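Protein chains in written order, with our numbering: chain A, 334 to 862; chain B, 63 to 403. C-beta atoms are modelled at their ideal positions from N, C-alpha and C, and glycine is treated no differently. The structure displayed is predicted, hence computed values, not measured ones. Each remark here refers to the structure printed beneath this line.
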Amino acid sequence: MTRSSRTLGLAALLTAVALLAALASARAAEVDLDAHEAYARALRRTQELDARMDEEVARSRLRLVTHYDDLVRVWDETSENRAALERPPPHLDAELRARLMTAVTRYGETLDEKRALVERFKSDQAVLRNAMRALPRNVARRSEALRQAGDPGAAEELDALLRAVLLAVVAPSDAHVHAARGALARTPPSEALVAPHARLVLERTERLEQTVGRVMTLPVSQRAEAVREVYGVAHAAATDRAEARWLLVYAFGLGLLALGAGYIIVRMSEAAAALRDTKAKLEVALTEIELERDREAELARLKSRFVSMTSHEFRTPLSVILSSAELFEAYGERWDRAKRATHLDRIQGSAKAMSRMLDDVLLIGRAESGMLELKARPLSLPALIDSVVEEVRAVVGPERALEITRRGTEAERVWLDDKLLRHVLTNLLSNAFKYSPDESAVDLLVETDAEGVRLEVRDRGIGIPEADRAHLFEAFHRGSNASRIPGTGLGLAVVQRSVEVHRGTLEVESEEGRGTTFRVRVPFVEGET
Amino acid sequence: MYAGNMGEGWSFVAALALLAAACQTPPEEDWRVHRRLPPGQLASPEHPFEPIPQDLGLDPERVELGRRLFEDPRLSGGGDVACVDCHALDEGGVVPGEARSNHPLNETGPYNVPTVFNVAFNFRYNWQGPFETLEEHLGGPMMNENVMDAGSWDAVVARLRVPYDGAFRSAGYPGVSEGTLKSALATYQRSLITPDARFDRFLRGEAELDALEAEGYALFRDVGCATCHQGINVGGNLYQRYGVMADAFDRELTERDYGRMLITGRDEDAHVFRVPSLRNVEVTAPYFHDGSAPTLEAAVRHMSRVQLGAVLDDGEVRAIVAFLRTLTGEHEGVPLAPEPP
Chain A
334 MTRSSRTLGL AALLTAVALL AALASARAAE VDLDAHEAYA RALRRTQELD
384 ARMDEEVARS RLRLVTHYDD LVRVWDETSE NRAALERPPP HLDAELRARL
434 MTAVTRYGET LDEKRALVER FKSDQAVLRN AMRALPRNVA RRSEALRQAG
484 DPGAAEELDA LLRAVLLAVV APSDAHVHAA RGALARTPPS EALVAPHARL
534 VLERTERLEQ TVGRVMTLPV SQRAEAVREV YGVAHAAATD RAEARWLLVY
584 AFGLGLLALG AGYIIVRMSE AAAALRDTKA KLEVALTEIE LERDREAELA
634 RLKSRFVSMT SHEFRTPLSV ILSSAELFEA YGERWDRAKR ATHLDRIQGS
684 AKAMSRMLDD VLLIGRAESG MLELKARPLS LPALIDSVVE EVRAVVGPER
734 ALEITRRGTE AERVWLDDKL LRHVLTNLLS NAFKYSPDES AVDLLVETDA
784 EGVRLEVRDR GIGIPEADRA HLFEAFHRGS NASRIPGTGL GLAVVQRSVE
834 VHRGTLEVES EEGRGTTFRV RVPFVEGET
Chain B
63 MYAGNMGEGW SFVAALALLA AACQTPPEED WRVHRRLPPG QLASPEHPFE
113 PIPQDLGLDP ERVELGRRLF EDPRLSGGGD VACVDCHALD EGGVVPGEAR
163 SNHPLNETGP YNVPTVFNVA FNFRYNWQGP FETLEEHLGG PMMNENVMDA
213 GSWDAVVARL RVPYDGAFRS AGYPGVSEGT LKSALATYQR SLITPDARFD
263 RFLRGEAELD ALEAEGYALF RDVGCATCHQ GINVGGNLYQ RYGVMADAFD
313 RELTERDYGR MLITGRDEDA HVFRVPSLRN VEVTAPYFHD GSAPTLEAAV
363 RHMSRVQLGA VLDDGEVRAI VAFLRTLTGE HEGVPLAPEP P
């Protein structure tokens, strides 16, 4: 996981948290649509219920209805509706809610007032009805009695009272009401069956007119309308707030989606990059494996060549030894002493050559397998060189000229691997003599300094063709111009391995037909000089 | 790496679900029931009455739960008074044989106990009518220290929670609370209706009134009783002054005689009472808020005199009383009074 994907993930997580918070606040501010619908319905009903109430009062007043159950029903519904208005939806803002409740309370107070008026109306209406029913009967009964008692004047007065009262009820003008009151005032209090009813009719009619007038003019509708207005504002505010909160939720949601998509894309590209990386590494590894295989194949090829060449090179001295030995067996008795010596020399020389060759091969093998080790010991360099030169002279003969130059400090003892150095010098000197005409001289330069020794062997012989330079140090490789001169092709390979093990350097400078110069620099083994 | 994303996704969904659950607050419970009169079709200006329906469609489990509560003295503070002690169902829903409320706490209660029958159809409760619903009314007698002295609703709930919790839950209530207690008790009281009075069967055209009853019915309307005693409950739907035409009291006044004025404080409400229902009036003697009329005849005479300014002769009184006896109904199929021989 990289930094960019981690940052994206963190941002997404934070956005998710913000989204949750926004969601919570949006849920808290959410408009409860069911509650709103119910409340709006209750608000709409206020007008209808108030109109029905007025209608029921009017019907009752006109005696179209003579029981109050219908009025009770309208009141029950009004109470229920008012209770609904007292529980506004939960989503309203506190301040607007308080305003709404104030409006609802004012509406309720007006309703209470109206209710008290309606209850008084019901009572008065009942009383008036009974009085209106009783008055004519009682007047009739009383005037009949008065007429029979011989007082038609009093009877006439009662009839007049009845007419005045009825006129005041049916057409309640000031004049009629005044006339009826006058008639009532003239009626003797002894008329207990008439006067109280007449008074009740006049009183209650007047009061009922007032009551009904107040019932009809109470501002119930206006108060309900005020509630409606405040609720409209409060609901709109709540809706706006809820919308704003939801907008925030959508914004965070979109952000989260974008971050999520970005996160996935980054992670996918990271995965693709990782895949490419792995593929490249795999390819490198494959190449290395192939190289290794090539090297191994080369090694195997070298080995088999080495084996075949070795066996080939061994066959020559072996066949010399075999043939000389067979000749010796068949003719040895008859040969003179000189001839016998010649054959014995051949056998000994071939065996020695084989032994040398075996040494060389073993050294090269050890060097190539990394088992040839540097084994330095303190030695005298001039003594070593003298010994090698002597050895080489014994092979090439004393007639060959060797020019030795010595330079630099000659320390008594230096730390060197004398075996390796011997291999180097022996082979270089032998080669110099072998590949140059007998009359030409070979130069040997030995130069020492504080760090090491420099050897330079120069001949004036056949030289090394340009084409052979690349394979100069391969075992059994022989120069194309050297086929007439016997050799194993191991000498330079031994030199090169020996110098290498001694951590020295080897240079060659050659011109075909003019001669070759080998320059070797071998460091003293450090810290032990 | 995508498994990590999935994990985040699930936790997000889980958080959302939790959030939704947290936001989903249960709605505030409202056990307040607004009484509604059953729809009437038979009333006319000439016959301003309605028969009582056979059934109000109440939840039978809640009715049964309310019955148990109604009979349980643990509702009272002393654990010795049950609702049914003052509202005996086999005695017309009033104190059996007593003129007024009479129980261990208050031997001389000031008010004549109104019947519990057909309270579903009353527009207010108690003589002064301070309570609009039966649920509200319960607090009256229960918290009155001279009646049940229950202490407080919290105390009542504490007393009844253990014995009643299961019953309330099986009746569909969330448990025992002031609201659910009131609801159960009020539901039971609403169920106490007395349909099939002979008058109701007459209104439905299923029975005839005999001559005396028919005469009484005619007088009932003609004299003016029916201007107040009308509607489904033959009364119970308005207030009226006690003593419109004459002083109703022939004794010294006490506080209870001021009626609704005690509630409203207005002089004009002096001696104003809730007009009682006349249903089953035959079995709810004595009569009036103070129980001052021991018989129907006395009540009819008193009412016609002080309310209507009418003096009825014995025959008229007998006829009206005969009519009033047709208002006696049946509760759960059993007549509240034996049929006249």
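What does DSSP give as the partner residue(s) for B/Ser334 in the beta ladder?
Position check: residue 334 of chain B holds Val in this sequence, whereas Ser was assumed. According to DSSP, B/Val334 bridges with B/Arg303 and B/Gly321.
Could you tell me whether the segment 786-799 of chain A touches the segment 667-682 of chain A, where touching means 3 or more Cβ pairs closer than 8 Å?
Taking 8 Å as the limit for Cβ pairs, the verdict is that the segment 667-682 of chain A does not touch the segment 786-799 of chain A.
Can you confirm whether B/Ala381, when its beta carbon is compared against all beta carbons of chain A, has any partner nearer than 8 Å?
No, its Cβ sits nowhere closer than 8 Å to a Cβ of chain A.
From B/Asp319 to B/His333, what does the alpha carbon distance come to, in whole angstroms?
Approximately 6 Å, taken between the alpha carbons.
Secondary structure at B/Ser239, three-state DSSP: helix, strand or coil?
Three-state DSSP puts B/Ser239 in coil, outside helix and strand.
DSSP state of A/Ile737, grouped into three classes?
Looking at A/Ile737 - three-state DSSP - the assignment turns out to be strand.
Would A/Gly846 be called buried (16 or more neighbouring beta carbons within 10 Å of its own) or exposed?
The residue is exposed, with fewer than 16 neighbouring Cβ atoms inside 10 Å.
Would you kindly work out how many angstroms separate the C-alpha atoms of B/Pro257 and B/Val383, rounded to a whole number?
Cα to Cα, B/Pro257 sits roughly 20 Å from B/Val383.
So, do the segment 433-453 of chain A and the segment 521-536 of chain A have three or more beta carbon pairs nearer to each other than 8 Å?
Because the criterion of three Cβ pairs below 8 Å is not met, the segment 433-453 of chain A and the segment 521-536 of chain A do not touch.
Thinking A/Arg811 and A/Ile697 are a contact (beta carbons under 8 Å), I'd like their distance in whole angstroms, please.
Actually they do not touch by this definition, with Cβ atoms about 15 Å apart.
What residue ranges within the segment 377-446 of chain A form continuous alpha helix (DSSP H) runs of no fewer than 4 residues, ordered along the chain?
Complete alpha helix (DSSP H) runs here, min 4: 402-418.
If you check the beta carbons only, do B/Gly298 and B/Pro338 fall under 8 Å apart?
Going by C-beta atoms, B/Gly298 is nearer than 8 Å to B/Pro338.
Just to make sure I have the definition right: I need the residues of chain B whose C-beta is within less than 7 Å of the C-beta of A/His568. Which are they?
Near A/His568 there are no residues of chain B at all, since even the closest Cβ is about 19 Å away, more than 7 Å.
A/Gln481: buried (16+ other C-beta within 10 angstroms of its C-beta) or exposed?
Exposed.
Measure the CB-CB distance between B/Arg129 and B/Leu222 and report whether it falls below 8 Å.
Contact flag unset, no.
By alpha-carbon positions, which one of B/Arg367, B/Glu207 and B/Glu314 ends up nearest to B/Gly140?
B/Gly140 has its Cα closest to that of B/Glu207, out of B/Arg367, B/Glu207 and B/Glu314.
What does B/Gly293 touch in chain A if you count any residue whose Cβ is under 7 Å from its own?
Within 7 Å Cβ-Cβ: His400, Tyr401 and Asp402.
When we look at the beta-carbon of B/Ala273 and count the other beta-carbons within 10 Å, is it buried (16 or more) or exposed?
The residue in question, B/Ala273, is exposed, as its Cβ has fewer than 16 Cβ neighbours within 10 Å.
In this structure, does DSSP put B/Leu104 in helix, strand or coil?
Residue state, collapsed to three classes: coil.
Go to B/Phe261, then tell me how far its alpha helix (DSSP H) extends in each direction, as first and last residue.
First-last of the alpha helix (DSSP H) with B/Phe261: Arg260 to Leu265.
Whole angstroms is fine: what's the gap from A/Gly586's alpha carbon to A/Ala349's?
Their backbone Cα atoms lie some 8 Å apart in a straight line.
Excluding sequence positions up to five away, which residues of its chain have a Cβ less than 7 Å from the Cβ of B/Gly213?
Excluding residues within five positions, the ones whose Cβ falls inside 7 Å are Gly139.
Can you check whether the C-beta of A/Lys455 is within less than 8 Å of a C-beta belonging to chain C?
The chain inventory of the structure shown lacks chain C, comprising the protein chains A and B.
Is A/Pro529 close to chain B, meaning its C-beta is less than 8 Å from at least one C-beta of that chain?
Yes, A/Pro529 counts as interfacial toward chain B.
With which residues is A/Ser776 paired in a DSSP beta bridge?
It should be noted that the sequence gives Asp, not Ser, for residue 776 of chain A. DSSP output for A/Asp776 lists A/Glu736 and A/Arg791 as bridge partner(s).
Mapping DSSP to helix, strand and coil, what is B/Gly278?
Here B/Gly278 sits in helix by DSSP.
Taking the alpha carbon of B/Gln302 as the reference point, which residue from B/Thr346, B/Glu126, B/Phe132 and B/Gln190 has its own alpha carbon closest?
Considering only alpha carbons, the answer is B/Gln190.
Below 8 Å on the Cβ atoms is my contact criterion, and I expect A/Thr611 with A/Val364 to pass it. Report the Cβ-Cβ distance as a whole number of Å.
Not really, about 56 Å apart at Cβ, beyond 8 Å.
Using DSSP bridges, identify the partner residues of A/Ser843.
A/Thr849, per the DSSP bridge assignment.
For B/Leu118, tell me which candidate among B/Ala399, B/Pro400 and B/Glu394 has the shortest Cα-Cα distance.
Ranking B/Ala399, B/Pro400 and B/Glu394 by Cα distance to B/Leu118 puts B/Glu394 first.
Can you give me the Cβ contacts of B/Ala144 inside the same chain, cut-off strictly under 8 Å, excluding the 5 residues immediately before and after it?
Cβ within range, chain order: Phe132, Glu133, Asp134, Pro135, Leu137 and Ser138.
A/Pro856: which of A/Val828, A/Ala774, A/Ser813 and A/Asp750 sits nearest, CA to CA?
When each option's Cα is compared against that of A/Pro856, the closest is A/Asp750.
Mind checking who B/Phe179 pairs with in its DSSP beta bridge?
None; B/Phe179 has no bridge partner.
Bridge partners for B/Ala355 per DSSP, in chain order?
In the DSSP output, where bridge partners are listed per residue, B/Ala355 has B/Tyr349.
Does the segment 393-403 of chain A come within contact of the segment 100-109 of chain B, defined as at least 3 CB pairs closer than 8 Å?
Touching, yes, given that three or more Cβ pairs across the two stretches are closer than 8 Å.
Rounded to a whole number of angstroms, what is the C-alpha to C-alpha distance between B/Arg341 and A/Tyr440?
Cα-Cα distance, rounded: 36 Å.
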